[in-house]
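Residue numbers (the numbering used here), protein chains in the order written: chain A, 29 to 374; chain B, 34 to 287.
Note that CB positions come from ideal geometry on N, CA and C, so glycine has one too.
Take a look at the structure below.
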């Protein structure tokens, strides 16, 4: 008890200015937290209709169970809903399984390829007696996950290749990579998405169309890769010339030197900035609303158009913010763990 | 190529450097170097810093490119041909001043990497060889540690073992003891002496005069990018000819 008073004195009330700051902060908390609590928990409704919500004063969390199906899956046929659900469960299972470095074996790479392919197949159908589902009906959370998981897994290796290209001794390759990286980094993702949906089809011969999701997916991959490339290049610069020379003096060729010696060390250095980019790329997938794809954010907005639920957008947005947060937190948490494990080695 | 190889085997010359020049930009680092190294010969190169001695041995396994003249290692001429370059590098072991182990791999993995990926030796066999050489440098108990956990002297011994695992015909040492704490110099030199006694061809850039006296067949003195003097250790230390050599020896021997 004494020590608590001592701590308060030493940290909150040492001097006039700090005392005033403490009092002002306490007042603001007193004014803001209880009403927020009352809104969110005391007067809130969790399972009700929209009308009941309008009558009550608190948060209307009922909008989430009321619209969960549409928010998560959008226009995907309701009777086939288990398919994206299974695909997502499989994906999340794989992600969690991969968390442990001891599981990083060759078969895991195959599991990923099979898994990603299977995910596409399950979503699309048309094989193995599954009813085909047009990709225009892919919506909500599965779409967000497909765009980001495919996007990030493809962008990372591409970025590494670009970074190596930019440091290449061959002038043609080097110039190409610099032009690519600088051009892509010079335009916003939105303009790339527009180009992919409006300009790109103009170049295709008549009668050939490329699926809109695929076009957006490619735009996201190209965009993210340019950023990854610059981060990886920073890591490559952190590897001393001696490492290259030691590898070369053993007779390792360029490819083996990079793969066995340089990249493992360089990529470890750039884990924190890479994860920043991956997290921001994950959130940027919500920009696909601009070319009328119904990702998680867009399906939620659409659900809010229902007159029954008018005016409860805050609750719905808090809910999807939570979903985004969980995904991002998973990524950053995982990267911190990975860093710690690798730190023990280096 | 084969005829050349046979020729070098019969004449017993493993490294042949003929009229070799090298520039770093405008700076003429190596001037008209001529050097023949016989099989099982041990050469120590000394000279003040900046004299081009490190550059010379780095040219031998083409970590540096020379601009004029020829370098022929075990019948293979050093050119820009990638395949030949990799072949030469696999035949020629190199030990660096700062050890340069691969910090993300265990000691054992450091040693097996070259044999597995360059020589296509099966993993079990490569590990067996690695343990054999680790025992030779008296460090087998550290096999599963990472380089960062070892002392400088231990790291340098691992670096020597790593080169030996490639079963090289020639070993190049670039000031192998000058980055070590004094008490660790001996453990590294002992390993190098063992190696010399087994008949390894060695070119050592070093200022360890005791080592040069007891192990070398020939001592070379370099300055201004030239080989100024070349002699047996005894003659070299007792009766240096060139005035630069005399000055240098008086400076390092106090």
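With three or more C-beta pairs closer than 8 Å as the rule, is the region 72-90 of chain B touching the region 245-256 of chain B? yes
I want to see whether chain A comes within less than 8 Å of residue 135 of chain B, judged by CB atoms only; does it? yes
Can you find a heavy atom of the ligand MG that lies under 7 Å from the Cβ of residue 183 of chain B? As presented, the structure is devoid of all ligands, the ligand MG included, so that no description of it is given.
Residues that residue 122 of chain B contacts on chain A, provided the C-beta gap is smaller than 9 Å: 276, 277, 278, 279 and 280
Note down the Cα distance separating residue 376 of chain A from residue 108 of chain A, rounded to an integer number of angstroms. It is not possible to answer for residue 376 of chain A, since the shown part of chain A is limited to 29 through 374.
Mind listing the chain A neighbours of residue 166 of chain B? Cutoff is C-beta to C-beta under 9 Å, in chain order. In chain order: nothing, as chain A lies at least about 14 Å away.
Strictly under 8 Å for the Cβ-Cβ distance: is residue 293 of chain A near chain B by that measure? yes
If you follow the beta strand (DSSP E) that residue 227 of chain A is part of, which residue opens it and which one closes it? No beta strand (DSSP E) contains residue 227 of chain A, which DSSP labels as neither H nor E.
Would residue 388 of chain A and residue 325 of chain A be called neighbours here (beta carbons separated by less than 8 Å)? Missing from the structure shown is residue 388 of chain A; chain A here goes from 29 to 374 and no further.
Going by Cα to Cα distance, which pick from B:66, B:151 and B:104 is closest to residue 86 of chain B? B:66
How is the beta strand (DSSP E) around residue 292 of chain B delimited, first residue to last? With chain B running from 34 to 287 in the structure shown, residue 292 of chain B is simply not present.
Under the three-state DSSP convention, the category residue 133 of chain B falls into: Coil at residue 133 of chain B, not helix or strand.
Against residue 270 of chain A, what residues of chain B qualify as contacts under a CB-to-CB distance less than 8 Å, listed in chain order? 129, 131 and 133
List the residues of chain A whose Cβ lies closer than 7 Å to the Cβ of residue 94 of chain B, in chain order. 277
With distances taken from CA atoms, which of B:208, B:216 and B:197 is nearest residue 227 of chain B? When only C-alpha atoms are compared, the closest one is B:197.
Exposed or buried, what is residue 215 of chain A when buried is set at 16 or more other beta-carbons lying within 10 Å of its beta-carbon? Residue environment for residue 215 of chain A: exposed (fewer than 16 other C-beta atoms within 10 angstroms of its C-beta).
Could you spell out where the beta strand (DSSP E) holding residue 79 of chain B opens and where it closes? 75-79
Decide if residue 121 of chain B is buried, meaning its Cβ has at least 16 other Cβ atoms within 10 Å, or exposed. buried
Could you round the C-beta distance between residue 256 of chain A and residue 302 of chain A to whole angstroms and report it? I think they count as a contact, below 8 Å. 7 Å
Residues bridged to residue 234 of chain B (per DSSP): B:203
Residue 192 of chain B and residue 279 of chain A closer than 8 Å at C-beta: no
Give me the chain A residues within the contact set of residue 185 of chain B, using Cβ-Cβ distance strictly less than 8 Å, ordered along the chain. Ordered by position in chain A, no residue passes the 8 Å Cβ test against residue 185 of chain B, which lies about 15 Å from the chain.
Check whether the Cβ of residue 289 of chain A lies closer than 8 Å to any Cβ atom in chain C. Of the chains in the structure shown, none is chain C; the protein chains are A and B.
I'd like the list of long-range same chain contacts for residue 187 of chain B, defined as Cβ closer than 7 Å, with 5 residues on each side in sequence excluded. 172 and 175
Could you tell me the boundaries of the beta strand (DSSP E) in which residue 273 of chain A lies? Bounds of any beta strand (DSSP E) do not take in residue 273 of chain A; it lies within the alpha helix (DSSP H) bounded by 269-277.
For residue 56 of chain B, which residues does DSSP report across the bridge? Beta-bridge partners assigned by DSSP to residue 56 of chain B: B:61.
Would you say residue 119 of chain B lies against chain A (beta-carbon separation less than 8 Å)? yes
Spatial distance of residue 243 of chain A from residue 229 of chain A (CA atoms): Their backbone Cα atoms lie some 10 Å apart in a straight line.
Between the CA atoms of residue 314 of chain A and residue 138 of chain B - distance to the nearest angstrom: 41 Å
Return the CA-CA distance between residue 104 of chain B and residue 357 of chain A, expressed in angstroms with no decimal places. Using only the alpha carbons, I get a separation of about 58 Å.
Would you kindly check if the distance between the Cβ of residue 204 of chain B and the Cβ of residue 128 of chain B is under 8 Å? yes
Mapping the DSSP letters down to three states, classify residue 280 of chain B as helix, strand or coil. helix
Quick check: the Cα distance between residue 111 of chain B and residue 222 of chain B, rounded to an integer number of angstroms? 30 Å
When B:136, B:241 and B:210 are compared against residue 177 of chain B, the one with the closest alpha-carbon: B:136
Given this structure, state the Cα-to-Cα distance separating residue 121 of chain A from residue 73 of chain A, to the nearest angstrom. 33 Å
Does the Cβ-Cβ distance between residue 262 of chain A and residue 298 of chain A come in under 8 Å? yes
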